[in-house]
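Asks: To start, I am sharing the structure in question, which I have written as structure tokens.
This is the structure in structure tokens:
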């Protein structure tokens, strides 16, 4: 590429000087292309289903009006609009729906999803006072929640990631970067099994309308705090299918909070990998990259060290027998003889 330029030397110097800026521009372009490609794929997949669903609803509405000539189209339109508006607020018009969205456990589930920015949107404040309090509550609650999660994740990182890596690094004498990559991979596999696969099978048994893909989809959307709200557990209207809705909702709240912490731990573990750190440096500004390169070793020692290592470093070292003997010989070696001057000798004799 440089040889093709008329001034190959100038091109090479320009690329070398602005390498981080060019990498960042390439990153922006790739991200925009990723958004465009994703939008195109979603549109190609979902648009035919949307057209088909609209067609089915129009046919069902027309059949209802045909079978019920006493109901006008305008009145039906008004009823449907009112029902959809109430459903957006979590209130259903179905006759067998007797659940409440704002009892204590449901409110606890709502606050947990709001403060963790999951926000399913299936239950929202109805009153103006509730909306105003939601603004005030989340204005302080979200920063506090982020601080709380950060503190919990940092403490778990020592137990789950840094201390095991440091232990096996000393025991097996394996390269720390390779060992950290293997540990992060094992941790991600374990997370996928315990927080996605197993809960998905549990939701399949508890939610009669969900298949495995839908259950796995809910787990992923929830634990990544996307929270689309199209699938929310415990929304069944049958008492036989969900005999203990309050306990079920409380268990889901605990699962979401614990699962979110575990996901953050795995993400932080992967983020601290030396390979990822070196890759990030390509997109930094020059001064930041120089500073980061100077402190990489310090960060590695701080993140991947064990408190036992620090204790070992501060313990006094015991020299070997040969070292002690050499030290004694050096300390007891007689000083070379230097004849004293005559005046000094006479002075001492006097």
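Numbering (my numbering), first residue to last: 1 to 350. Here a beta-carbon is modelled for each residue, glycine too, at the ideal position from N, C-alpha and C.
Here's a check: name, in chain order, each residue in its chain whose Cβ is nearer than 7 angstroms to the Cβ of residue 141, leaving out the five neighbours to either side.
Replies: 115
Asks: Less than 6 angstroms between C-beta atoms, sequence neighbours within five positions excluded: which residues of the same chain meet that for residue 29?
Replies: none
Asks: Rounding to the nearest angstrom, what Cα-Cα distance links residue 1 and residue 34 in this structure?
Replies: Because residue 1 carries a pLDDT of 45, less than 50, the predicted location of this residue cannot be relied on, and the following value inherits that uncertainty. Computed Cα separation, rounded: 25 angstroms.
Asks: Work out the CA separation of residue 277 and residue 167 for me, nearest whole Å.
Replies: 22 angstroms
Asks: Between the stretch 102-117 and the stretch 242-254, can you find at least three pairs of beta-carbon atoms closer than 8 angstroms?
Replies: yes
Asks: In this structure, does DSSP put residue 30 in helix, strand or coil?
Replies: helix
Asks: Whose C-alpha, out of 218, 171 and 179, is nearest the C-alpha of residue 161?
Replies: Among 218, 171 and 179, the Cα nearest to that of residue 161 is on 179.
Asks: Does residue 259 pass the burial test, meaning 16 or more other C-beta atoms within 10 Å, or should it be called exposed?
Replies: buried
Asks: Check whether the Cβ atoms of residue 176 and residue 165 lie closer than 8 angstroms to each other.
Replies: yes
Asks: Have a look at residue 206 and residue 230 and give me their C-alpha separation to the nearest angstrom.
Replies: 17 angstroms
Asks: Going by other Cβ atoms of all chains shown within 10 Å of its Cβ, with 16 needed for buried, is residue 47 buried or exposed?
Replies: exposed
Asks: Taking 8 angstroms as the cut-off, decide whether the C-beta atoms of residue 196 and residue 212 are in contact.
Replies: It is not a contact, given that the beta carbons lie outside the stated cut-off.
Asks: Can you tell me whether residue 262 is buried or exposed, with buried defined as 16 or more other CB within 10 angstroms of its CB?
Replies: buried
Asks: In its own chain, which residues sit with a C-beta less than 8 angstroms from the C-beta of residue 124, not counting the 5 before and 5 after it?
Replies: Excluding sequence neighbours, residue 124 sits near 88, 89 and 90.
Asks: Residue 207 by DSSP, collapsed to three states: which one?
Replies: coil
Asks: What residue ranges within the stretch 85-137 form continuous beta strand (DSSP E) runs of no fewer than 3 residues, ordered along the chain?
Replies: none
Asks: Alpha carbon to alpha carbon, how far is residue 82 from residue 58? Give it in angstroms, no decimals.
Replies: Between residue 58 and residue 82, the C-alpha separation is close to 18 angstroms.
Asks: Can you tell me which of the three DSSP states residue 11 falls into?
Replies: helix
Asks: By Cβ distance, which residues of its chain are closer than 8 angstroms to residue 10, with the 5 residues on each side in sequence left out?
Replies: none
Asks: In chain order, what residues of the same chain lie with their CB nearer than 8 angstroms to the CB of residue 270, ignoring the 5 residues before and after it?
Replies: 184, 188 and 276
Asks: Going by beta-carbon coordinates alone, are residue 216 and residue 200 separated by less than 8 angstroms?
Replies: It is a contact, given that the beta carbons lie within the stated cut-off.
Asks: Quick one: give me the first and last residue of the alpha helix (DSSP H) that residue 182 is part of.
Replies: 176-192
Asks: So what's residue 72 in DSSP terms, helix, strand or just coil?
Replies: coil
Asks: The alpha helix (DSSP H) with residue 246 in it runs from where to where?
Replies: 245-271
Asks: Apart from the five residues just before and just after residue 133, which ones in its own chain have a Cβ nearer than 8 angstroms to its Cβ?
Replies: Apart from sequence neighbours up to five positions away, the residues of its chain that approach residue 133 with a beta-carbon distance below 8 angstroms are 125, ordered along the chain.
Asks: What are the boundary residues of the alpha helix (DSSP H) that residue 226 is part of?
Replies: Residue 226 -> no alpha helix (DSSP H), and no H or E assigned at all.
Asks: Contact check, residue 208 vs residue 118 under 8 angstroms by CB: the rounded distance?
Replies: The Cβ separation is near 24 angstroms, so there is no contact.
Asks: Of all the options 232, 225 and 121, which has the alpha carbon lying nearest to the alpha carbon of residue 214?
Replies: If we check each option's Cα against that of residue 214, 232 comes out closest.
Asks: For the candidate residues 103, 194, 265 and 51, whose alpha-carbon lies nearest to that of residue 159?
Replies: The candidate whose alpha carbon is nearest that of residue 159 is 265.
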